[in-house]
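**Student:** The structure follows.
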Amino acid sequence: MLVIIDAHGVWFLGWLLNYCSYSAQTGSRMAELVSLAEGVAELVHDGDAVALEGFTHLIPVAAGQEIIRQGRRDLTLIRMTPDIVYDQLIGAGCAARLVFSWGGNPGVGSLHRFRDAVENAWPRPIEIEEHSHAGMANRYVAGASGLPFAVLRGYVGTDIAKHTKTIATITCPFTGEALTAVAALNPDVAVIHAQRADRRGNVQLWGITGVQKEAVLAASRSLVTVEELVDELEPQPGAVVLPGWVVTAVAHVPRGAHPSYAQGYYDRDNDYYQSWDPISRDRETFGRWLDEVTAA
Amino acid sequence: MLVIIDAHGVWFLGWLLNYCSYSAQTGSRMAELVSLAEGVAELVHDGDAVALEGFTHLIPVAAGQEIIRQGRRDLTLIRMTPDIVYDQLIGAGCAARLVFSWGGNPGVGSLHRFRDAVENAWPRPIEIEEHSHAGMANRYVAGASGLPFAVLRGYVGTDIAKHTKTIATITCPFTGEALTAVAALNPDVAVIHAQRADRRGNVQLWGITGVQKEAVLAASRSLVTVEELVDELEPQPGAVVLPGWVVTAVAHVPRGAHPSYAQGYYDRDNDYYQSWDPISRDRETFGRWLDEVTAA
Amino acid sequence: MSAWTADEMMTVTAARSLAGRASCFVGIGLPSTAANLARRTCSPDLALIYESGAIGAKPTTLPLSIGDGELGETADAVVSVPEIFNYWLQPGRVDVGFLGAAQVDRRGNINTTVIGDYRSPAVRLPGAGGAPEIAASCRETVVVVRHRPRTLVDRLEFVTSLGFGDGPGHRAALGLRGRGPIRLITDLGVLEPDPETCELTLTSIHPGVAVDAVRAATGWPLTVRADLRVTEEPTAAELTALRSLTTRSSTRGGGVA
Amino acid sequence: MSAWTADEMMTVTAARSLAGRASCFVGIGLPSTAANLARRTCSPDLALIYESGAIGAKPTTLPLSIGDGELGETADAVVSVPEIFNYWLQPGRVDVGFLGAAQVDRRGNINTTVIGDYRSPAVRLPGAGGAPEIAASCRETVVVVRHRPRTLVDRLEFVTSLGFGDGPGHRAALGLRGRGPIRLITDLGVLEPDPETCELTLTSIHPGVAVDAVRAATGWPLTVRADLRVTEEPTAAELTALRSLTTRSSTRGGGVA
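Chains as they are written, first to last, in our numbering: chain A, 1187 to 1482; chain B, 1187 to 1482; chain C, 4 to 260; chain D, 4 to 260.
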């Protein structure tokens, strides 16, 4: 079933989302095709736990900026590698909490808005919950698997667990060995960017596919922005396919991952990453950037 | 480094295997190219725990029959779906134990040699350790991940755990919820069949890829039989690639999965599965089959 | 003589139970025929999920195993066996689990492991496969078996896959999220759990079948619902689709277990 | 003026430490340059593994991030991020872990999290990334940093990734399988753990560097090994390979962190 949502269709989408929410009820629907603005309006609410994922590749930057534009507040932002798009969301004051494992501008240096929030509580205080990549990845795996926790060899001897309640010790019932448990991540919404979707909402992404499958499957709702809508998904080496019945909504957003890259569509805009450093270093230049984005 | 092993090369391969065994030592070597007879002779020893995996597709039947031919004894045979090739190994008296989750002739019926062993201890008593598919798959995942156990929602309310020591209850340290733990599987040897390998021992398989990656990564040693040796592995949609440095040996065995199938090479020989039923039903007809195979 | 066989009636009825469902985790054998028929009749968008890792398989012929090549080739996605259980089945995102059974008891519990003592069995059956977790984790399950006294039994010697366990509340007490076996479909009729006792009771009888014949083929004292219905006959379209499926399959050689 | 820079000496030395190794888990920044150089010099068959999921990456230019497109396109296999940590790093099948650091202490412990108090830090650093488990699970690790007193510090305020912890036996007591940081390579020399104390001691000094300069740049009282060697100068081949790598990278725009 494909429903094109126009401006008046938001009520229907809202009903549909309730109907499709995780529960024992049967008859999940296929993903709906929406505009980016509609998708964010319907799926991302103030106070939600939101995971925008994409590991260097396919970062859903356009969706993040739409969240800024719509003025969402008090979000728990979840992401393994908060980079430019999270710097922007944090600087814009959207986030009350950040759950993450590595926050930097890859290949450039610091995230200045992230640092300003953590070091100086500007523009608002931000609570952080910090993990390692292995821990975050396993938290998504647990979330996608319907388990409350995952087990790994991790964090041992480090100071990370001292500051994070979602890390614990667990004992192997067979060998008695002590291992580490991390709590599952189940975001309210996962947002990812993919190369393609077909008109039934089946999503295809390839190249470095990161933790996006896990983020979508762990979340209650999901929004996927795509470079291209196609009639048929041609099989691709290394592709991950998410069937439409596990995706809530798909929005057609060409270049939606810029300045990161979409393999087969465009390269990483390394200059943008460089240029973000001076923009973000200063509250005023950042403010001007923000005005431009929200005016757009 | 590629070493072609001839009949005199077995000593060198033996040295190499010791050198490559799991340990803190560095400098793992690439997979060696061997004949099937050499690979089985070097890698599969009496008393070993051996996993031949392949989920309906790419079953390493030729390797299994070579194990019969070489007269291995007291094996612990591990496999999610012991089908014809395990019926043959069990009937030939190679197995002291069977670790499994579903034992049948798919699309046909019973495995008569398996049943004769379990019901009548013929040709020898066989100990069984029985799981569900979800449990076995997770046991391989734990083995491949270097963990002593895996967690799942499984077995609850069934009688399976009553007879199997490798299932236990575990409590979530965050929610207090009771879940199921299964002990890791770490076979001495994993044997799989794949479509292709390159001359450096990188292995490529596609289609239904089952639990083969996990079996190889969980095992101390691995033998991969392949349809084809190629100079370069062309990327394929849905392909799993195992780099040569995690594979011990590769043997070129065209039609090595017959009567199962190798996608892109040949179809499943459904008539063989049918014809196995009368052969295996009777100890004498099976004996004649066995004489033919071992004489080959 | 009717225009359809008892097996066809069973399969058509099972297929109908998938109307309005988005996804079905398909067990081997009879369930696979019914699930594939549903895609050709009442539920064309139904995503068929096989434990071999095929998600959204669209086979043109009946698969002979849960890992036939065509399942993977026609699927929306093929994932590893660990992933199909962990990411797809376990979290409860699949609407219906379709299971066969060697034995099923009055509360929908299933045995596919042994007849007789576990350590020295009279008959050794194939074992669990994916069934215990399909029965536990799908939002609901449907069991498809031929109606025989040795199949529908009063008590199981071995519970491979849980139905309603000992009765009301048992699944919830064990923390299972799926609703359990909402329907047992046989070649004689349809049994559904009594809301009070969770005991499988006859709610629909196939055309031309006598209630006494169903009682005689059931291994426990069968309760017949007061509002017993007669199953709607297979339509011409259903029969055509089913026969086309099974003919194409048998011309490939080999039958379906 | 020498024919090579201190950074080049550091990178060449780090690359040499990968000779004879089959696989290297590559951290971001300086380690990536050295690992890529090794593939072009002493260790052409080295499998480079990146936390983005690329196994056996063969980039022609230096990647600017651990997830550059060319890493995936040239890799033997690309796997998911959970898989790279669980199946590839965690079981200890990777020979060497190559790590950078904001701070490293005398026992090879690493801080990449905060300077100052955790809850109100003076400087908030990027955090852990893949490093804690790379440091724990690789068969051995090599740390590459520029030699500065604020980098090689006596004590860490925050341990992000464990080296030898409090000293001998600490890693074993925690159940860690990898041997830990067998070498710290800087732009001034090479430090290796003393077998008795696990303290990093100067075992090799780069040509033209004075021992006192190394002491002055080290945040703890540096022990100099009696058998102190002078690092072999970069060969012409090494320098050519390195410069070709970095030139090609910089023409793509952007520097390497």
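C-beta atoms are modelled at their ideal positions from N, C-alpha and C, and glycine is treated no differently.
Counting only Cβ-Cβ distances shorter than 7 angstroms, please list the residues of the segment 1413-1432 of chain B near chain D, keeping chain order.
**Tutor:** Within the segment 1413-1432 of chain B, the residues whose Cβ lies closer than 7 angstroms to some Cβ of chain D are V1427, P1429, W1431 and V1432, listed in chain order.
**Student:** Do G1340/B and A1370/B have their C-beta atoms within less than 8 angstroms of each other?
**Tutor:** No, the Cβ-Cβ distance between G1340/B and A1370/B is not below 8 angstroms.
**Student:** Does any C-beta atom of chain D lie closer than 8 angstroms to the C-beta of A1331/B?
**Tutor:** It should be pointed out that residue 1331/B corresponds to Ser in this sequence rather than to Ala. At least one chain D Cβ lies under 8 angstroms of S1331/B.
**Student:** List, in chain order, every chain B residue whose beta-carbon is nearer than 7 angstroms to that of Y121/C.
**Tutor:** Going along chain B in sequence order, the residues near Y121/C (Cβ under 7 angstroms) are H1349.
**Student:** For the alpha helix (DSSP H) that L1428/B lies in, which residues bound it at each end?
**Tutor:** No alpha helix (DSSP H) contains L1428/B, which is instead part of the beta strand (DSSP E) from V1426 to L1428.
**Student:** What residues are listed by DSSP as bridge partners for V146/D?
**Tutor:** Bridge partners of V146/D: L102/D and L187/D.
**Student:** Alpha helix (DSSP H) containing A1227/A: first to last residue?
**Tutor:** It spans L1222 to L1229 - the alpha helix (DSSP H) in which A1227/A sits, taken as one unbroken run.
**Student:** In whole angstroms, give me the CA-to-CA distance for I1465/A and S68/D.
**Tutor:** Each residue's Cα considered, the two are about 20 angstroms apart.
**Student:** I need the DSSP call for A60/C, collapsed to helix, strand or coil.
**Tutor:** Residue state, collapsed to three classes: coil.
**Student:** Starting from H1298/A, follow the alpha helix (DSSP H) in both directions and report where the run begins and ends.
**Tutor:** Start and end: H1298 to N1306.
**Student:** Under 8 angstroms, do A1217/A and G1396/A count as touching if we go by C-beta distance?
**Tutor:** Not in contact: A1217/A and G1396/A (Cβ atoms no closer than 8 angstroms).
**Student:** Roughly how many angstroms separate the alpha carbons of Y1141/B and Q1381/B, rounded to a whole number?
**Tutor:** Outside the shown range of chain B (1187 to 1482) lies residue 1141/B, about which nothing can therefore be said.
**Student:** Could you tell me which chain E residues have their CB closer than 9 angstroms to the CB of N1388/B, listed as they occur along the chain?
**Tutor:** Checking the listed chains, one finds no chain E in this structure; the protein chains it contains are A, B, C and D.
**Student:** Take every Cβ of the segment 239-249 of chain D, pair it with every Cβ of the segment 215-225 of chain D, and state whether three or more of those distances are shorter than 8 angstroms.
**Tutor:** They do not touch, by the three-pair rule.
**Student:** Please report whether the beta-carbon of A139/C lies at a distance below 8 angstroms from any beta-carbon of chain B.
**Tutor:** Interface residue, yes.
**Student:** Using alpha carbons as the reference points, say which of P62/D, W91/D and V227/D lies closest to A38/D.
**Tutor:** The shortest C-alpha separation from A38/D is found at P62/D.
**Student:** Per DSSP, what are the beta-bridge partners of R109/D in this structure?
**Tutor:** Bridge partners of R109/D: none, in fact.
**Student:** Contact check, A1401/A vs Y1459/A under 8 angstroms by CB: the rounded distance?
**Tutor:** 23 angstroms between Cβ atoms; not a contact.
**Student:** Can you tell me where the alpha helix (DSSP H) holding R1258/B begins and where it ends?
**Tutor:** Counting along the chain, R1258/B falls outside any alpha helix (DSSP H), and DSSP gives it neither H nor E.
**Student:** Can you tell me whether P124/D is helix, strand or coil according to DSSP?
**Tutor:** It is a strand residue.
**Student:** Below 8 angstroms between beta carbons: does that hold for F167/D and C201/D?
**Tutor:** Contact flag set, yes.
**Student:** Is there a Cβ from chain B that is less than 8 angstroms from the Cβ of A1354/A?
**Tutor:** Yes, because at least one Cβ of chain B sits closer than 8 angstroms to the Cβ of A1354/A.
**Student:** Start and end of the beta strand (DSSP E) containing H1438/B?
**Tutor:** Unbroken beta strand (DSSP E) run through H1438/B: A1435 to H1438.
**Student:** What number of angstroms, rounded off, separates the C-alpha of K1348/B from the C-alpha of V146/C?
**Tutor:** Going by the C-alpha atoms only, they are around 25 angstroms apart.
**Student:** Do I1264/A and P1373/A have their C-beta atoms within less than 8 angstroms of each other?
**Tutor:** A contact, by the Cβ cut-off of 8 angstroms.
**Student:** Using a Cβ-Cβ distance cut-off of 8 angstroms, determine whether G256/C contacts chain A.
**Tutor:** For G256/C, the pLDDT reaches just 37, beneath the cut-off of 50, and the residue's location in the model is therefore unreliable, leaving the point undetermined.
**Student:** When you compare the CB positions of A1376/A and T1411/A, do they come within less than 8 angstroms of one another, or not?
**Tutor:** Result no, Cβ atoms of A1376/A and T1411/A do not sit closer than 8 angstroms.
**Student:** State yes or no: is the beta carbon of A18/C nearer than 8 angstroms to at least one beta carbon in chain A?
**Tutor:** No, its Cβ sits nowhere closer than 8 angstroms to a Cβ of chain A.
**Student:** Note down, in chain order, all residues in the segment 22-44 of chain D with a beta-carbon under 7 angstroms from any beta-carbon belonging to chain B.
**Tutor:** So the close ones are G23, R24, A25 and S26.
**Student:** Which residues of chain C have a Cβ atom closer than 8 angstroms to the Cβ of H1243/B, listed in chain order?
**Tutor:** The contacting residues are S55, G70, G72 and G75.
**Student:** Please go through the same chain and pick out, in chain order, the residues whose beta-carbon is closer than 8 angstroms to the beta-carbon of A1405/B, but skip the five residues on each side of it.
**Tutor:** Within the same chain, A1405/B has close Cβ partners A1237, G1329, N1372, P1373, D1374, V1375 and A1376.
**Student:** On the three-state DSSP scale, how would you describe L225/D?
**Tutor:** In the structure shown, L225/D sits in coil (DSSP, three-state: anything other than H, G, I, E or B).
**Student:** Tell me whether Y1452/B sits in a helix, a strand or coil according to DSSP, three-state version.
**Tutor:** The answer is strand: DSSP assigns Y1452/B an E or B state.
**Student:** Could you give the distance in angstroms between the alpha-carbon of G183/C and the alpha-carbon of A1303/B?
**Tutor:** Taking the straight line joining both Cα atoms gives about 35 angstroms.
**Student:** Rounded to the nearest angstrom, what separates Q1398/B and G1293/A at their Cα positions?
**Tutor:** Their backbone Cα atoms lie some 37 angstroms apart in a straight line.
**Student:** Which same chain residues, not among the five before or five after P1309/B, have their C-beta less than 6 angstroms away from its C-beta?
**Tutor:** Cβ neighbours of P1309/B beyond the five flanking positions: G1279.
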